[in-house]
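Everything below concerns the one structure shown next.
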Ligand code: URA
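Numbering (my numbering), first residue to last: 674 to 861.
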């Protein structure tokens, strides 16, 4: 574990713990407020993120930004990171060994940020953070509290591109996050 951001980021830049390092253009470390109260965790970088080195800047990210805008959630107030920091080929789901190799980096980020609320974007984030026994279709929209952190699993924004009906759920879930943050006097 690193107690400062620079060393953590540097160690990821040099990481070759899994095969994903071979295909990356950039690592996608994370972005936002390093003291955020609310953190968002996605799956892994796509082509746009790999090119820019920033999470959620592609199509799915634009959709998330629209929801943020509509609900008055400020991207600069929250912190956004992914389960894996390097792009999986063809945007496939990260394999177990890849997620496992990368998970300590994310744990380190969570420790440094110290968020009160974590939004889990999709099944990969949910299963790797809370456990394989969790199902996104069952747990979506439910608050799960563990070790003083409130987790809210919701659809991955890319799923909204495939299924319009999920947009309403996503919106509802982020509205709940916003409400909860405000009630707890948190920055969002
Ligand atoms: N999908 C993710 O899970 N993360 C990103 O950063 C972009 C798309």
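Just so it is clear, CB atoms sit at the ideal spot from N, CA and C, and this is done for glycine as well.
Given that a residue counts as buried once 16 or more other Cβ atoms are within 10 Å of its Cβ, and exposed if not, what is residue i?
i           : result
residue 722 : buried
residue 755 : buried
Per DSSP, which residues does residue i bridge with? Please list them.
i           : result
residue 752 : 705 and 712
residue 818 : 823
Give a single yes or no on whether residue i has its beta carbon closer than 7 angstroms to a heavy atom of ligand 1.
i           : result
residue 716 : yes
residue 762 : no
residue 731 : yes
residue 826 : no
residue 743 : no
residue 728 : yes
residue 794 : yes
residue 701 : yes
Got a sec, what are the start and stop residues for the beta strand (DSSP E) residue i sits in?
i           : result
residue 768 : Unbroken run through residue 768: none, as it is neither H nor E.
residue 792 : 790-794
residue 822 : 822-827
Pick out whichever of the options has its Cα sitting closest to the Cα of residue i.
i           : options               : result
residue 741 : 764, 858, 846 and 856 : 846
residue 853 : 832, 818 and 837      : 818
residue 822 : 797, 789, 812 and 851 : 789
residue 697 : 682, 725 and 713      : 725
In terms of residues, what are the limits of the alpha helix (DSSP H) holding residue i?
i           : result
residue 809 : 809-812
residue 845 : 838-856
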